[in-house]
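Each residue of the sequence shown is one higher than the one before, starting from 58 at the first, in the working numbering.
We put the beta carbon where it would ideally sit given N, CA and C, even for glycine.
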Amino acid sequence: MDSHVRAVTAPSIRDNGRVTSPTTFSRSRPLSRPRPRLIATDLDGTLLRDDKTVSDRTVAALAAAEEAGIEVFFVTGRPARWMDVVSEHVHGHGLAICSNGAAVVDLHAGRSIVEVRELERRTAHDVVETLRREAPGTAFAMEFADGIRHEPDYPPLHLDAALTVGPAEKLLHEDLPSAGAPLLKLLALHRDLTPDGFLALARTAAGHRASITRSSPTALLEVSGLGVSKASTLALCCAERGISAEEVVAFGDMPNDIEMLTWAGSSYAMGNAHPDVLAAASDRTAANEEDGVAAVIEDILAHS
Numbered sequence: 058m059d060s061h062v063r064a065v066t067a068p069s070i071r072d073n074g075r076v077t078s079p080t081t082f083s084r085s086r087p088l089s090r091p092r093p094r095l096i097a098t099d100l101d102g103t104l105l106r107d108d109k110t111v112s113d114r115t116v117a118a119l120a121a122a123e124e125a126g127i128e129v130f131f132v133t134g135r136p137a138r139w140m141d142v143v144s145e146h147v148h149g150h151g152l153a154i155c156s157n158g159a160a161v162v163d164l165h166a167g168r169s170i171v172e173v174r175e176l177e178r179r180t181a182h183d184v185v186e187t188l189r190r191e192a193p194g195t196a197f198a199m200e201f202a203d204g205i206r207h208e209p210d211y212p213p214l215h216l217d218a219a220l221t222v223g224p225a226e227k228l229l230h231e232d233l234p235s236a237g238a239p240l241l242k243l244l245a246l247h248r249d250l251t252p253d254g255f256l257a258l259a260r261t262a263a264g265h266r267a268s269i270t271r272s273s274p275t276a277l278l279e280v281s282g283l284g285v286s287k288a289s290t291l292a293l294c295c296a297e298r299g300i301s302a303e304e305v306v307a308f309g310d311m312p313n314d315i316e317m318l319t320w321a322g323s324s325y326a327m328g329n330a331h332p333d334v335l336a337a338a339s340d341r342t343a344a345n346e347e348d349g350v351a352a353v354i355e356d357i358l359a360h361s
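Below is the structure:
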């Protein structure tokens with residue numbers, strides 16, 4: 058592990074109709090409430106438009122929140138190297154939580170990883186063995202701190218090329234050049250199973266070994282170290298700042314956001330969110346294409 062990367066230990070954290078108006082909120086939400094101290098937002102399907110841009114309205118809302126003294130954390134399944142889409146819109150501390158909580162990244166310092174909560178290679182190997190047995194045809198990729206490696210049957214990524222291609226068992230071997238890079242996530246893709254069906258199967262078969270979730274519309278699972286999630290890493294970052302869960306507002310749209318939404322004192326499911334996310338969040342806002350995050354931030358600043 059690089060000397061500048063700090064490993065951290067996970068605390069105990071709670072687990073886990075489309076909205077048509079961009080300013081419609083749950084009726085249970087009081088007209089005024091204390092201003093939150095931190096906003097935690099997912100990116101894809103939440104803060105970002107479908108074309109992966111940040112709207113002018115959202116840029117202005119984020120800047121207004123920071124100006125009002127509210128910290129903003131981007132909390133995403135993306136790896137650090139894919140954070141250029143929001144790097145220009147980070148103020149204050151400049152930190153983001155990436156890889157579903159496996160890494161804390163300094164966007165002011167070239168997207169460098171400053172904290173890591175890695176997945177043990179032995180555990181990843183056990184999950185690979187289990188899913189090969191329970192779901193034949195699964196293809197695997199490994200997200201290391203220095204880049205991605207994947208099997209020949211795993212589709213190439215459009216944003217960057219794999220550092221190495223080969224069988225998962227070989228890629229996870231301790232003697233390979235990647236041995237010095239922390240393993241952040243194991244990715245498992247199945248071409249025939251349904252996304253939620255594959256997730257349920259994997260959690261039943263291997264959920265006692267690792268944290269398993271998904272954020273893709275395809276049957277692509279994301280496997281992290283046991284107890285590692287967006288919520289648990291966000292909780293660590295908040296604890297370092299003396300911020301309680303009740304002082305956090307969170308936004309998300311997919312199953313990998315559920316723990317974060319249930320942990321935060323106030324949470325919003327996007328209008329385009331997965332049904333389980335809509336059920337888990339305390340409130341709802343408009344879809345990502347309708348600037349749902351910006352609408353809530355504007356409301357917070359206007360009424361708190």
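Linking V116 to F308 through their CA atoms gives a straight-line distance of about 16 Å. Restricting attention to V334, H207, H230, the CA atom closest to the CA of G102 is found in V334.
Annotation for I154: the continuous beta strand (DSSP E) segment containing it runs 152-155.
Counting along the chain, no alpha helix (DSSP H) covers H207; the unbroken beta strand (DSSP E) around it starts and ends at 204-207.
Non-local C-beta neighbours of R114 in its own chain, meaning closer than 7 Å and more than five positions away in sequence, comprise D348, A351, ordered along the chain.
Membership of I96 in the beta strand (DSSP E) is indicated by the continuous run 95-98.
Straight across, the Cα-Cα distance linking G223 with G194 is about 15 Å. In the DSSP annotation of this structure, the continuous segment of the beta strand (DSSP E) that includes S169 starts and ends at 169-173. Secondary structure note for V143: it is in no alpha helix (DSSP H), with a DSSP letter that is neither H nor E. Three or more Cβ pairs closer than 8 Å define a contact, and the region 266-273 meets that threshold against the region 172-190. Taking the Cα positions, S273 is about 25 Å away from V147.
With fewer than 16 neighbouring CB atoms inside 10 Å of its own CB, L216 falls in the exposed class. The straight-line gap separating the alpha-carbon atoms of L229 and E355 is approximately 46 Å. Here the region 244-264 makes no contact with the region 118-129; the two share fewer than three CB pairs at distances below 8 Å. In this structure, the beta-carbon distance from A276 to L188 does not fall below 8 Å. Residue pairing from DSSP leaves V285 without any beta-bridge partner. For V185, the closest alpha carbon among the candidates L95, V129, K242 is that of K242. Taking 8 Å as the upper bound for CB-CB distance, A296 and W320 are not in contact here, some 12 Å apart.
Taking the Cα of E346 as reference, the smallest distance to any Cα among I205, S144, D108, L291 is reached at D108. Cα atoms of F197 and E279: separation of roughly 10 Å, rounded to the nearest angstrom.
For I357, the enclosing alpha helix (DSSP H) begins and ends at 349-360. No Cβ-Cβ contact shorter than 8 Å links E208 with S156. For the set C294, A359, D310, E316, the Cα lying nearest the Cα of S286 is the one of E316.
Close CB contacts of L95 within its chain, under the 8 Å cut and outside five residues either way in sequence, are with I127, E128, V129, F130, C295, R298, I300, E304, V305, V306 (chain order).
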